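Oh and the sequence shown: position 15 is 15 in full-length UniProt numbering, straight run, nothing missing.
C-beta: ideal position from N, C-alpha, C; glycine also.
Every value quoted in this text rests on a predicted model; they were computed, and no experiment measured them.
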Amino acid sequence: MADQLHVVMFPFFAFGHVSPFIQLSNKLSSHGIHISFFTIPGFIPRVKTLLVPSPNTEIVPLQLPPSLGLPPNLAGTMDLPPSEAIKLITAIDLTRPQVKTLLSELKPNFVLFDFAQHWLPSLASELGIKAMLFSVFSAIANAYIVSPNRLSGIEGIPTVDHLLKPPQGFPTSKNIARDQSRVISTFEAQSLVFIYEKVNESPSNFDRVQEGISGSSAVVMKTSYEMEGPYLDFIKSQINKPFILTGPLIPEPPSDLVLDAKWDEWLARFSEKSVVFCSFGSETFLTQERIRELALGLELTGLPFLLVLNFPAKVNPKVALEDALPRGFLKRTKDKGVVHVGWVPQQLILGHKSVGCYLCHAGFSSLIEALMNDCQLVLLPLKGDQIFNSRLMGENGFVSAGIEVNTREEDGYFGKEDIFTAVKKVMVDVEEEPGKSIRLNQKKLYKFLKEKDVQDKFILDMIVEMKKILEGGFS
Ligand SMILES: O=c1ccn([C@@H]2O[C@H](COP(=O)(O)OP(=O)(O)O[C@H]3O[C@H](CO)[C@@H](O)[C@H](O)[C@H]3O)[C@@H](O)[C@H]2O)c(=O)[nH]1
């Protein structure tokens, strides 16, 4: 089919990035778009369970160079100690010749790439292929962190003090601010500094994004006006490119449709919408102190809970968990709580009828998965974009469909009472404010996410925009 659009997907190889690229692939392939999905061997099993099988879709393995000593079956940053995560970016940079060969053979119309591959647009352009940066981050996070005017008037790497100030024109209202002038805390600003730092000769993530955007035919974002209107307007005012919004990309149900009996039976012991599911995505880890306070806070709520914890690579999870959990905790809570270490089928758990609340790090896909399953949100962001997702969704945010856990300005500390208070607001005190309004807003968003035609239109519009770009309607 000569007129079938062909799109190569080239995500950064961390699951939080691969996952939205898969969801977009599924939507596009269901509308007849041919998808070639680049991934590394360690990811193939997981990609296969989520990528809906279709004659329109193929997985294309990419080999990371062995010279960096990365594990051969690496499945993203979660398999690397945090200090080595940068190696994955370097390894992706080194795939450039391989990517060039693959793109010249595949001859797609478009390649969608991630924040790290700043070199991709020029390579694609040599081959007559259109490149588009697909940002898996929310507009609010993009607006605060990588808006081109972020570094205006700043010499060198921004400090925490610089990062405490939003870029000029960022839509702050007294609503979103932590106090009268600030959107984020000192602890949160500290987690952003690395984004602007060069590592050895490698460009900073900020510079990678700027270069990636500047070479793109359009910027593709996983969001919508309903969710992020003011932040989209701001980012559009800063970037002179067409924007394509994919909408929230409601995930297709995973192909292993059924929840393991082990989880299903345990969850089914509790009443409808009563269980607090608590997890932190694929690459966010809690310190021992945070684990202890979180566990005690969950116990205080008296609600049933499923707590999923993970630890950085090379840490012994059994030992780390034993050290972190309060003495006697597992015994005291054995009738109501489970603590699990390792991967869980998150979408299926959120979809279980007994799960009513999701306490999480505010990873963007995790938020959408919770909302589409009609779960209440308790937000405990720890770094980067999570902070802004949480401000967006939290009590005072534009969406205001969840509650943020109160944390300390200087070090992000929270105590068990902070967990208890936040959960109680959306799960117990539901006839009082703020729980009442938050639940109403959560329901509005749930309805928006469930409107199939509305969601489908984002993808139909995207296809129209892509055709326009090919016809020269856009640069
Ligand atoms: O045990 C697990 C853990 C995760 N997931 C899935 O993994 C995805 C995780 O998505 P998300 O929470 O958005 O991302 P993170 O894994 O936290 O990864 C990163 O990438 C996101 C961008 O997509 C950012 O928002 C996060 O801050 C960043 O940590 C979701 O589809 C989950 O369903 C599982 O199925 N099982």
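Query	Result
Beta carbon of M372, beta carbon of L449: below 8 Å?	yes
Any idea what DSSP makes of T57, helix, strand or coil?	strand
For the region 13 to 87, list the alpha helix (DSSP H) runs that are entirely contained and at least 4 residues long, ordered along the chain.	15 to 30, 44 to 50
Using the rule of at least 16 other Cβ atoms within 10 Å of the residue's Cβ for burial, across every protein chain shown, is M1 buried or exposed?	Residue placement at M1 is poorly supported in this model, since its pLDDT is 45, which falls under 50; the coordinates still yield a value, given next. Exposed, because fewer than 16 other Cβ atoms sit within 10 Å of the Cβ of M1.
Along the chain, where does the alpha helix (DSSP H) that runs through F305 open and close?	Element bounds for F305: not the alpha helix (DSSP H) but the beta strand (DSSP E), 305 to 309.
Could you tell me whether any non-hydrogen atom of ligand 1 is closer than 7 Å to the CB of F364?	yes
Within its chain, find whatever has a CB closer than 7 Å to the CB of P317; leave out the 5 residues flanking it on each side and keep chain order.	F311, V341
In chain order, which continuous runs of the beta strand (DSSP E) of length 3 or greater are located wholly inside the region 282 to 344?	305 to 309, 337 to 341
Between the Cα of N205 and those of E369, H162, N142, spot the shortest distance and give me the residue it belongs to.	N142
Helix, strand or coil: which one does DSSP assign to V99?	helix
Throw me the rounded Cβ distance for the G69 and F43 pair, which I believe falls under 8 Å.	Rounded, the Cβ-Cβ distance is 19 Å, inconsistent with contact.
Buried or exposed, going by whether 16 or more other CB atoms sit within 10 Å of the CB of T159?	exposed
Please state whether DSSP places L267 in a helix, a strand or coil.	helix
Once you ignore the five residues that flank V47 on each side, which residues in its own chain have a CB closer than 7 Å to its CB?	V18, I22, F37, T39, I59
Using only the heavy atoms of ligand 3, determine whether one of them is closer than 7 Å to the beta carbon of F15.	In the structure on display, ligand 3 does not appear, and the ligands it does have are ligand 1.
Just checking my contact of V220 with F134 at CB under 8 Å: how many whole Å lie between their CB atoms?	4 Å
May I ask you to report which of helix, strand or coil DSSP gives Y413?	coil
Tell me, which residues are paired with S279 by DSSP?	C360
Among E409, A295, D429, L267, which residue has its Cα nearest to the Cα of G328?	A295
What separation, rounded to the nearest whole angstrom, lies between the Cα atoms of D323 and Q98?	45 Å
Around the C-beta of A401, are 16 or more other C-beta atoms found within 10 angstroms, so that it is buried, or is it exposed?	buried
Would you kindly work out how many angstroms separate the C-alpha atoms of P121 and M466, rounded to a whole number?	16 Å
Out of L460, E404, D335, I157, which one is the CA nearest neighbour of I438?	E404
Can you grab the Cα-Cα spacing for the pair D374 / S54, in whole Å?	29 Å
Going by Cα to Cα distance, which pick from S152, R292, N149, R182 is closest to L164?	R182
For G337, is the classification buried or exposed, using 16 other Cβ atoms within 10 angstroms of its Cβ as the cut-off for buried?	buried
Under three-state DSSP, which class holds V405?	coil
Going residue by residue through the region 123 to 173, where are the continuous beta strand (DSSP E) segments of at least 3 residues, counting only ones entirely within it?	130 to 135
Using alpha carbons as the reference points, say which of S125, L106, I89, G128 lies closest to D114.	I89
Would S475 be called buried (16 or more neighbouring beta carbons within 10 Å of its own) or exposed?	Interpretation of S475 is limited by its pLDDT of 46, a score under 50 that renders its predicted location unreliable; the figure taken from the coordinates is listed afterwards. Exposed, because fewer than 16 other Cβ atoms sit within 10 Å of the Cβ of S475.
Just reading off the beta strand (DSSP E) that Q376 is part of, what are its end residues?	376 to 379
Tell me L112's beta-bridge partners as DSSP assigns them.	M9, M132
Can you check which of these residues, I35, K331, E283, is closest to G384 by C-alpha distance?	E283
I need the straight-line Cα distance from I235 to S147, nearest angstrom please.	6 Å
Tell me the residue span of the beta strand (DSSP E) that contains L245.	243 to 245
Can you find the residues in the same chain that come closer than 6 Å, C-beta to C-beta, to Q455, ignoring five residues on each side of it along the sequence?	G247, I250
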